[in-house]
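> Before I ask anything, here is the structure I am working with.
Protein chains: 2
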Amino acid sequence: MTSMRRIVLASRPEAEPGPENFRLEEAPLPEPAEGEALVRVRWLSLDPYMRGRMSAGPSYAAPVGIGETMTGQGVGEVIASRAEGLAAGDTVLGSFGWADHGCAPARELRKLDARLPPATALGVLGMPGFTGWVGLTEHGRPQPGETLVVAAATGPVGSMVGQLAKALGLRAVGIAGGEEKCRLATETFGFDACLDHRAHAEARSLRRALAEAAPDGIDIYFENVGGKVLEAVIPLMNDFGRIPLCGTIAWYSGDEGGPDRLPTLWRSVLVKRLSVRGFIVTDHWDRIGDFLAEVAPKVASGEIRYLEDVTEGLENAPDAFLKMLGGGNTGKTLVKLP
Amino acid sequence: MTSMRRIVLASRPEAEPGPENFRLEEAPLPEPAEGEALVRVRWLSLDPYMRGRMSAGPSYAAPVGIGETMTGQGVGEVIASRAEGLAAGDTVLGSFGWADHGCAPARELRKLDARLPPATALGVLGMPGFTGWVGLTEHGRPQPGETLVVAAATGPVGSMVGQLAKALGLRAVGIAGGEEKCRLATETFGFDACLDHRAHAEARSLRRALAEAAPDGIDIYFENVGGKVLEAVIPLMNDFGRIPLCGTIAWYSGDEGGPDRLPTLWRSVLVKRLSVRGFIVTDHWDRIGDFLAEVAPKVASGEIRYLEDVTEGLENAPDAFLKMLGGGNTGKTLVKLP
Numbered sequence: 001m002t003s004m005r006r007i008v009l010a011s012r013p014e015a016e017p018g019p020e021n022f023r024l025e026e027a028p029l030p031e032p033a034e035g036e037a038l039v040r041v042r043w044l045s046l047d048p049y050m051r052g053r054m055s056a057g058p059s060y061a062a063p064v065g066i067g068e069t070m071t072g073q074g075v076g077e078v079i080a081s082r083a084e085g086l087a088a089g090d091t092v093l094g095s096f097g098w099a100d101h102g103c104a105p106a107r108e109l110r111k112l113d114a115r116l117p118p119a120t121a122l123g124v125l126g127m128p129g130f131t132g133w134v135g136l137t138e139h140g141r142p143q144p145g146e147t148l149v150v151a152a153a154t155g156p157v158g159s160m161v162g163q164l165a166k167a168l169g170l171r172a173v174g175i176a177g178g179e180e181k182c183r184l185a186t187e188t189f190g191f192d193a194c195l196d197h198r199a200h201a202e203a204r205s206l207r208r209a210l211a212e213a214a215p216d217g218i219d220i221y222f223e224n225v226g227g228k229v230l231e232a233v234i235p236l237m238n239d240f241g242r243i244p245l246c247g248t249i250a251w252y253s254g255d256e257g258g259p260d261r262l263p264t265l266w267r268s269v270l271v272k273r274l275s276v277r278g279f280i281v282t283d284h285w286d287r288i289g290d291f292l293a294e295v296a297p298k299v300a301s302g303e304i305r306y307l308e309d310v311t312e313g314l315e316n317a318p319d320a321f322l323k324m325l326g327g328g329n330t331g332k333t334l335v336k337l338p
Numbered sequence: 001m002t003s004m005r006r007i008v009l010a011s012r013p014e015a016e017p018g019p020e021n022f023r024l025e026e027a028p029l030p031e032p033a034e035g036e037a038l039v040r041v042r043w044l045s046l047d048p049y050m051r052g053r054m055s056a057g058p059s060y061a062a063p064v065g066i067g068e069t070m071t072g073q074g075v076g077e078v079i080a081s082r083a084e085g086l087a088a089g090d091t092v093l094g095s096f097g098w099a100d101h102g103c104a105p106a107r108e109l110r111k112l113d114a115r116l117p118p119a120t121a122l123g124v125l126g127m128p129g130f131t132g133w134v135g136l137t138e139h140g141r142p143q144p145g146e147t148l149v150v151a152a153a154t155g156p157v158g159s160m161v162g163q164l165a166k167a168l169g170l171r172a173v174g175i176a177g178g179e180e181k182c183r184l185a186t187e188t189f190g191f192d193a194c195l196d197h198r199a200h201a202e203a204r205s206l207r208r209a210l211a212e213a214a215p216d217g218i219d220i221y222f223e224n225v226g227g228k229v230l231e232a233v234i235p236l237m238n239d240f241g242r243i244p245l246c247g248t249i250a251w252y253s254g255d256e257g258g259p260d261r262l263p264t265l266w267r268s269v270l271v272k273r274l275s276v277r278g279f280i281v282t283d284h285w286d287r288i289g290d291f292l293a294e295v296a297p298k299v300a301s302g303e304i305r306y307l308e309d310v311t312e313g314l315e316n317a318p319d320a321f322l323k324m325l326g327g328g329n330t331g332k333t334l335v336k337l338p
């Protein structure tokens with residue numbers, strides 16, 4: 001085999017991204033340089049942040065260039081190594097992009113613990129799970145008896161946040177799209193309640209339902225969506241509430257549906273003495289060891305659960321990604337490669 | 001003398017408050033109950049937060065009722081005391097409202113240090129100065145070499161923030177209304193630069209001037225105004241910037257002038273990993289002793305300077321207040337009573 005397959009950004013989306021923004025290409029199989037390993041990718045992770053990389057606007061990372069491979073993390077097996085400490089057959093985590101093979105220097109690869117399914121390194125024990133853990137523990141400052149709200153409650157971030165909050169003695173209220181996800185949130189992940197945002201066209205209606213589900217108000221709003229949910233939540237925040245903010249995916253997806261006016265929000269932050277903290281998980285890699293030490297045993301024991309939404313074949317990655325942006329996935333979105 | 005004078009809220013403002021919202025009244029002079037002192041007020045403090053108390057909307061404090069005395073702090077002399085530890089002639093700080101006399105229990109009065117002018121207890125060493133100190137030190141987390149921006153730079157909050165920031169080795173950029181205030185900001189208070197917001201009708205223009213005055217970006221935006229200044233500042237914030245938020249007076253004054261869209265702001269908080277913290281000085285009274293211990297000697301020595309804008313006569317308090325809301329004051333707004 002001398003070639004590989006990859007998916008490149010064909011064009012930038014004008015509004016909603018579509019299949020036309022992606023292109024499947026063949027490319028020569030790279031050869032590992034000294035210190036590098038060549039990896040055959042078995043699992044590709046699809047994550048909401050990739051939507052941001054498709055656009056050229058200012059962000060915390062440079063956008064993907066037109067004609068460049070879409071960025072992303074994957075798990076695979078080393079098939080050739082010129083790196084000390086890595087041998088053919090090792091299972092590693094790395095940033096190979098949307099591709100079936102990739103080369104990387106050894107320092108950018110992490111050998112995986114063989115006792116857990118390798119794809120967990122992309123979800124519950126990967127960037128999304130770590131995002132939930134670090135945002136809740138470092139910025140959320142959870143206290144027993146408090147109430148937490150998180151959207152995308154069955155996703156890999158929201159389900160981690162909800163399970164950690166429950167274990168810490170908080171009331172956890174999820175928001176998810178559809179009755180089936182709401183059922184999973186309460187039955188699989190132990191949320192005290194979960195609201196279907198699709199049943200509430202307007203923030204006002206969602207707010208009324210939230211007020212019932214969170215009768216003592218909201219102390220922590222783990223913000224990963226923005227839009228209608230943010231608008232519904234703000235008036236219910238308790239004094240001295242915390243808002244760890246790691247995503248605004250609703251605003252990518254065109255949900256401009258009456259977001260609260262800026263003066264109203266700003267004044268609420270003052271009047272309620274809220275603490276809003278933007279964070280990006282990559283700033284916190286120094287804590288990944290603490291996260292894995294605490295959470296990996298709980299995943300192994302089943303105390304912390306997770307759901308995966310698996311699509312087969314690299315060529316189907318764009319469709320799986322678009323489905324995820326529309327909320328059509330359930331759990332961590334993965335592409336399985338042969 | 002058996003009567004006193006006070007100013008009551010005659011009606012709630014529809015938009016901009018005006019003189020018609022206030023009424024001067026005579027009232028019987030109160031008699032101190034057991035444990036109380038009767039105080040003849042010599043100095044009344046006028047502060048932007050009082051604008052919020054005139055409206056019935058949700059806030060951190062109940063609004064003033066129609067026909068009730070406008071709330072406010074004052075400094076005066078005890079003229080009759082039934083409280084242990086307080087004697088006629090003592091100079092005290094208390095909440096007497098917009099009135100020339102007031103009764104209060106001893107625990108709500110603070111005897112003032114006779115070595116400093118008594119009106120400093122309402123400004124540089126009072127609530128405004130303490131607001132600047134607590135917001136900067138607790139929420140701003142200033143580091144030498146960083147850049148700070150604060151509006152109302154010659155006011156009692158902004159001038160405290162700027163002087164503290166300079167003493168801590170930061171670059172301090174002020175914003176004020178008019179060339180004269182900008183000159184005072186740099187010459188009297190030591191700001192490195194001060195921009196006249198009246199010279200910039202649009203946030204975009206103010207932003208360009210700020211970018212020149214803060215060539216390394218902004219690490220701390222001490223937020224006391226909102227509006228156009230907020231819009232100008234946000235794109236210039238550095239990663240991991242801090243925004244202590246204690247006021248939004250621009251939005252009281254009808255400056256809706258193109259505030260940034262909420263999704264843009266929220267996404268900036270994420271992308272730049274900003275920390276926004278609403279705070280109200282009354283939550284921090286436990287630190288007033290630390291503040292006075294640190295700052296009172298510096299005021300006495302002249303190391304920390306202050307400006308006062310004094311109006312004579314209780315009957316002129318409404319005009320002085322309205323002038324302050326329009327930015328027509330320079331320094332701490334006080335009313336001197338005979």
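Going down the list, the protein sequences come from chains A and B.
First residue of the first sequence? That's 1 in UniProt numbering, and the numbers climb one at a time after it.
First residue of the second sequence? That's 1 in UniProt numbering, and the numbers climb one at a time after it.
Glycine residues also receive a C-beta, built at the ideal position from the N, C-alpha and C atoms.
This one's a predicted model, so the numbers in the text were calculated from it and none came from an experiment.
Within 10 angstroms of the Cβ of residue 326 of chain A, are there 16 or more other Cβ atoms? Answer buried if so, exposed if not.
Within the first sequence, the letter at position 326 stands for residue 326 of chain A. Label assigned to residue 326 of chain A: exposed.
> Just to confirm my understanding: we take residue 86 of chain A, look at its own chain, exclude 5 residues before and 5 after, and list those with CB closer than 6 Å. What are they?
Along the first sequence, one-based indexing puts residue 86 of chain A at 86. If we look at residue 86 of chain A and ignore the five residues flanking it on each side, its Cβ neighbours are 37, 78 and 106.
> Counting along the chain, where does the alpha helix (DSSP H) carrying residue 288 of chain A start and finish?
To locate residue 288 of chain A, count along the first sequence from 1; it is residue 288. Start and end: 288-301.
> What is the rounded straight-line gap between the Cα of residue 5 of chain A and the Cα of residue 313 of chain A?
For this step, residue 5 of chain A is matched to residue 5 along the first sequence. For this step, residue 313 of chain A is matched to residue 313 along the first sequence. Between the C-alpha atoms of residue 5 of chain A and residue 313 of chain A there is a straight-line separation of about 11 Å.
> When Cβ atoms are compared, which residues of the region 264-280 of chain B fall closer than 7 Å to chain A?
Within the region 264-280 of chain B, the qualifying residues are 265, 266, 267, 269, 270, 271, 272, 273, 274, 275, 276, 277, 278, 279 and 280.
> Check the Cβ of residue 226 of chain B against every Cβ in chain D and list those closer than 7 Å, keeping chain order.
Absent from the structure: chain D. Protein chains present are A and B.
> Please specify which runs of the alpha helix (DSSP H), each continuous and at least 4 residues long, are wholly inside the region 183-236 of chain B, giving them in chain order.
203-213 and 227-233
> So, for residue 53 of chain B: in the same chain, excluding its five sequence neighbours on each side, which residues have a beta-carbon less than 7 Å away from its beta-carbon?
Position 53 of the second sequence holds residue 53 of chain B. Answer for residue 53 of chain B: 61, 63, 64 and 71, listed in chain order.
> Are the region 211-225 of chain A and the region 148-158 of chain A touching by the rule of at least three beta carbon pairs closer than 8 Å?
yes
> Where do the N-terminal and C-terminal ends of the alpha helix (DSSP H) with residue 267 of chain B fall, by residue?
Reading the second sequence from its first residue, position 267 is the one you call residue 267 of chain B. Looking at the DSSP string, the run of the alpha helix (DSSP H) that includes residue 267 of chain B is 262-271.
> Give, in chain order, every unbroken run of the beta strand (DSSP E) that is at least 3 residues long and sits entirely within the region 69-131 of chain B.
The region 69-131 of chain B contains these whole beta strand (DSSP E) runs: 74-81, 91-94 and 101-105.
> When burial is assigned at 16 or more other CB atoms within 10 Å of the CB, is residue 223 of chain B buried or exposed?
By one-based count along the second sequence, residue 223 of chain B stands at place 223. The residue is buried, with at least 16 neighbouring Cβ atoms inside 10 Å.
> Where do the ends of the beta strand (DSSP E) carrying residue 28 of chain B lie?
In the second sequence, counting from the first residue as 1, residue 28 of chain B sits at position 28. 22-28 is the extent of the beta strand (DSSP E) around residue 28 of chain B.
> Is the CB of residue 248 of chain B under 8 Å away from at least one CB in chain A?
The residue given as residue 248 of chain B occupies position 248 in the second sequence. Chain A, which has a Cβ nearer than 8 Å to the Cβ of residue 248 of chain B, makes this yes.
> Go to residue 162 of chain A, then tell me how far its alpha helix (DSSP H) extends in each direction, as first and last residue.
If you number the first sequence from 1, residue 162 of chain A lands on position 162. Note, residue 162 of chain A: alpha helix (DSSP H), 156-167.
> Return yes when the Cβ of residue 283 of chain B is within less than 8 Å of the Cβ of residue 273 of chain A, no when it is not.
Counted from its first residue, the first sequence places residue 273 of chain A at position 273. Counted from its first residue, the second sequence places residue 283 of chain B at position 283. Yes, the Cβ-Cβ distance between residue 273 of chain A and residue 283 of chain B is below 8 Å.
> By Cβ distance below 7 Å, which residues in the same chain neighbour residue 115 of chain B in space, the five residues on each side in sequence not counted?
Taking the first residue of the second sequence as 1, we reach residue 115 of chain B at position 115. So the list reads 300, once near-sequence residues are dropped.
> Can you list, in chain order, the residues of its chain whose CB lies under 6 Å from that of residue 170 of chain A, leaving out five sequence neighbours each side?
As a first step, residue 170 of chain A must be located in the first sequence, where it is residue number 170. Excluding residues within five positions, the ones whose Cβ falls inside 6 Å are 142, 146 and 148.
> Using 8 Å for Cβ pairs, my map puts residue 69 of chain A next to residue 161 of chain A. What's the rounded Cβ distance?
Your numbering for residue 69 of chain A matches position 69 in the first sequence. Your numbering for residue 161 of chain A matches position 161 in the first sequence. No, residue 69 of chain A and residue 161 of chain A are not in contact; Cβ-Cβ is about 31 Å, not under 8 Å.
> Find the nearest neighbour of residue 99 of chain A within the set A:294, A:21 and A:29, judged by alpha-carbon distance.
In the first sequence, counting from the first residue as 1, residue 99 of chain A sits at position 99. Nearest C-alpha to residue 99 of chain A: A:29.
> Run through chain A and tell me which residues come within less than 7 Å of residue 413 of chain B, C-beta to C-beta.
The requested residue 413 of chain B does not occur in the structure, where chain B is confined to residues 1 to 338.
> Tell me, please, whether the CB atom of residue 329 of chain B is closer than 8 Å to any CB atom in chain A?
By 1-based counting over the second sequence, the position of residue 329 of chain B is 329. Among the residues facing chain A, residue 329 of chain B is not included, as its CB has no counterpart in that chain under 8 Å away.
> Using 8 Å as the cut-off, can you tell me whether the region 314-334 of chain A makes contact with the region 285-295 of chain A, which would need three or more C-beta pairs spanning the two stretches below that distance?
no
> So what's residue 180 of chain B in DSSP terms, helix, strand or just coil?
As a working mapping, residue 180 of chain B is identified with position 180 in the second sequence. If DSSP states are grouped into helix, strand and coil, residue 180 of chain B belongs with the helices.
> Could you give the distance in angstroms between the alpha-carbon of residue 94 of chain A and the alpha-carbon of residue 337 of chain A?
One-based indexing of the first sequence puts residue 94 of chain A at position 94. One-based indexing of the first sequence puts residue 337 of chain A at position 337. Distance between the alpha carbons of residue 94 of chain A and residue 337 of chain A is about 15 Å.
> Return yes when at least one heavy atom of the ligand NAD lies under 7 Å from the C-beta of residue 275 of chain B, else no.
In terms of ligand content, the structure shown is empty, and the ligand NAD therefore cannot be addressed.
> Which term fits residue 76 of chain A, buried or exposed, when burial requires 16 or more other beta carbons within 10 angstroms of its beta carbon?
For the purposes of this step, residue 76 of chain A is taken as the residue at position 76 of the first sequence. Buried, by the Cβ-count rule.
> Which stretch, first to last residue, makes up the beta strand (DSSP E) that contains residue 38 of chain B?
Along the second sequence, one-based indexing puts residue 38 of chain B at 38. Here the beta strand (DSSP E) through residue 38 of chain B covers 36-45.
> Could you spell out the range, first to last residue, of the alpha helix (DSSP H) harbouring residue 325 of chain A?
As a working note, residue 325 of chain A is residue 325 in the first sequence. Element bounds for residue 325 of chain A: 317-325.
> Please classify residue 53 of chain A: does DSSP put it in a helix, a strand, or coil?
Working through the first sequence from its first residue, we reach residue 53 of chain A at position 53. In the three-state reduction of the DSSP assignment, residue 53 of chain A falls in the helix class.
> Cβ of residue 283 of chain A less than 8 Å from any chain B Cβ?
Within the first sequence, numbered from 1, the residue matching residue 283 of chain A stands at position 283. Yes - at least one Cβ of chain B is within 8 Å of the one on residue 283 of chain A.
> Which residues of the region 38-50 of chain A have a Cβ closer than 8 Å to any Cβ of chain B? Give them in chain order.
Cβ contacts with chain B come from no residue of the region 38-50 of chain A.
> Could you tell me the distance, in whole angstroms, from the CA atom of residue 108 of chain A to the CA atom of residue 280 of chain B?
As a first step, residue 108 of chain A is located in the first sequence; it is residue number 108 there, counting from the start. As a first step, residue 280 of chain B is located in the second sequence; it is residue number 280 there, counting from the start. Using only the alpha carbons, I get a separation of about 46 Å.
> I need the boundaries of the beta strand (DSSP E) containing residue 417 of chain A, first residue and last residue.
Outside the displayed range of chain A (1 to 338) lies residue 417 of chain A, so it cannot be described from this structure.
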